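So for the sequence shown, my numbering puts the first residue at 654; every next one is plus one.
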Amino acid sequence: MPESSAAMPAHHQPSQDDTVLFTEKLWPGFWIWLVAAGLAGAGILVFAPISTAAGFTAAAVLFAVEAALLILSTPAVTVTTRTLQVGRASIERGLIGKVEAFRDKEATAERGTRLNGLAYLCIRGWIDPVVRIELKDPSDPTPYWLTSSRRPDELVAVLTTE
């Protein structure tokens, strides 16, 4: 996963003079939880011939594992007065260039036909809007970051305000 040469450690915590201006967790959508429940329900079908209790136990364990994986893999987008953190990558705000939000067909094109292979991605299929954040670091081959956001206009506004 490419990170800017000015990237901060993933465990970077904002200091008292580094106020959080925007934060968003990219939680799975409702339908993802339905799919997880459906997959867990398959455990009942697999283990029901052994016993009904084994089937329900398998379903509960499968759902608990799926839920833990979904929760633990949910990235956050955080903007402070000094840094931007998207998932595990972090960069100083002074190295951020043009910031744009895309929705619907434009967002699909950004994730597909217009995607640069060197871009850093933090996208989730269950969130349609994306925000493209260009980097101005000449020593970093990453041209931009592309992240999903349910509040793309708010993220763009925070990143374009000095």
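Each residue gets a CB set at the ideal place from its N, CA and C atoms; glycine is no exception.
Note that the structure is predicted; figures quoted are calculated from it, not measured.
Relative to the C-alpha of residue i, which candidate in the options has its C-alpha closest?
i    : options                   : result
E719 : A689, T734, A729 and V732 : A689
G696 : W686, L788 and F709       : F709
R826 : E745, V784 and V752       : Any answer about residue 826 is impossible in this case: the structure gives the chain only from 654 up to 815.
R803 : L723, S792, W779 and L715 : W779
E807 : T766, P791 and V732       : V732
R777 : D671, G682 and L674       : G682
Identify, in the order they occur along the chain, each residue of the same chain with its Cβ nearer than 8 angstroms to the Cβ of residue i, setting aside the five sequence neighbours on each side.
i    : result
C775 : L679, P728, V730, V739, G740, A742, W798, L799, T800 and S801
G826 : With the chain covering 654 to 815 only, the question about residue 826 has no answer from this structure.
D757 : D781
A762 : F755
I685 : L723 and W779
H664 : Unreliable placement is indicated for H664, whose pLDDT of 46 sits below 50; the coordinate value is still reported in the next sentence. Once the five neighbours on either side are set aside, H664 has no close Cβ partner at all.
Output needed for residue i: all residues of its chain with C-beta closer than 6 angstroms, excluding positions within five of it in sequence on either side, in chain order.
i    : result
D781 : A760
G750 : E787 and K789
How big is the Cα-Cα spacing for residue i and residue j?
i    : j    : result
S726 : T705 : 32 angstroms
R735 : G747 : 8 angstroms
V811 : T676 : 10 angstroms
V673 : L737 : 10 angstroms
T766 : P702 : 48 angstroms
T813 : A721 : 35 angstroms
A717 : S792 : 43 angstroms
P794 : Y773 : 10 angstroms
L687 : P805 : 25 angstroms
Whole-angstrom Cβ separation of residue i and residue j, contact assumed at under 8 angstroms?
i    : j    : result
P796 : L771 : 6 angstroms
V809 : E745 : No, V809 and E745 are not in contact; Cβ-Cβ is about 18 angstroms, not under 8 angstroms.
L715 : L692 : 7 angstroms
In its own chain, which residues sit with a C-beta less than 7 angstroms from the C-beta of residue i, not counting the 5 before and 5 after it?
i    : result
F700 : A707, G708 and A711
3 or more residues per run - each beta strand (DSSP E) lying fully within the stretch 707-771:
729-733, 736-739, 742-745 and 749-755
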